[in-house]
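Position 115, counted from 1, in the sequence shown is what full-length UniProt numbering calls 115; the numbers after and before it change by one each time, with no gaps.
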Amino acid sequence: MAVVDPVADMLTRIRNAYGAYHTDVSVPASKMKASIAGILKEEGYITDYAVEDRDISITLKYAEGKPLITGLKKISKPGRRVYVGASDIPRVQNGIGICIVSTSKGLLEGAKAKEANVGGELLAEIW
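In structure tokens, the structure reads:
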């Protein structure tokens, strides 16, 4: 079955895996999903990820038995794209979370996109 929004599918798989306290989750591979997994690892939300043939295996991270990611929200959707300028990039959960922005320089975490003074499509918020 074809997935209409692959990024939303990835975020939902991660959310569901955390809800079931799984140690890892597998999502179909793509360059964008690998970039999102890289940002999550860089920001400390997941332990590791590995790109295999057709899948990305993501190792989830827990602190004192509780998931590190408490919320994932897809902002830009296929029916309604959301674009922001560099000065309009939001602070997620008052600075506790991150947002992922698709820019001309690739996928960037919100603070890094603001620092590089580039805007783009606001993909997701994670906290």
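Where is the CB? At the ideal position from N, CA and C, for every residue including glycine.
Let's test the definition: count the other Cβ atoms within 10 Å of the Cβ of Y83 and tell me whether it reaches 16, buried, or not, exposed.
exposed
What is the residue span of the beta strand (DSSP E) that E121 lies within?
120 to 126
Could you give the DSSP three-state label for Y21: helix, strand or coil?
coil
Where are the beta strand (DSSP E) runs, 3 residues long or more, that stay fully inside the stretch 13 to 86, in chain order?
24 to 28, 46 to 51, 55 to 60, 72 to 74
Does the Cβ of I96 have 16 or more other Cβ atoms within 10 Å, making it buried, or fewer, making it exposed?
exposed
Where do the N-terminal and C-terminal ends of the beta strand (DSSP E) with I106 fall, by residue?
For the record, residue 106 in the displayed sequence is Gly; it is not Ile. Here the beta strand (DSSP E) through G106 covers 106 to 109.
Per-residue burial, K66 [other beta carbons within 10 Å of its own, 16 or more giving buried]:
exposed
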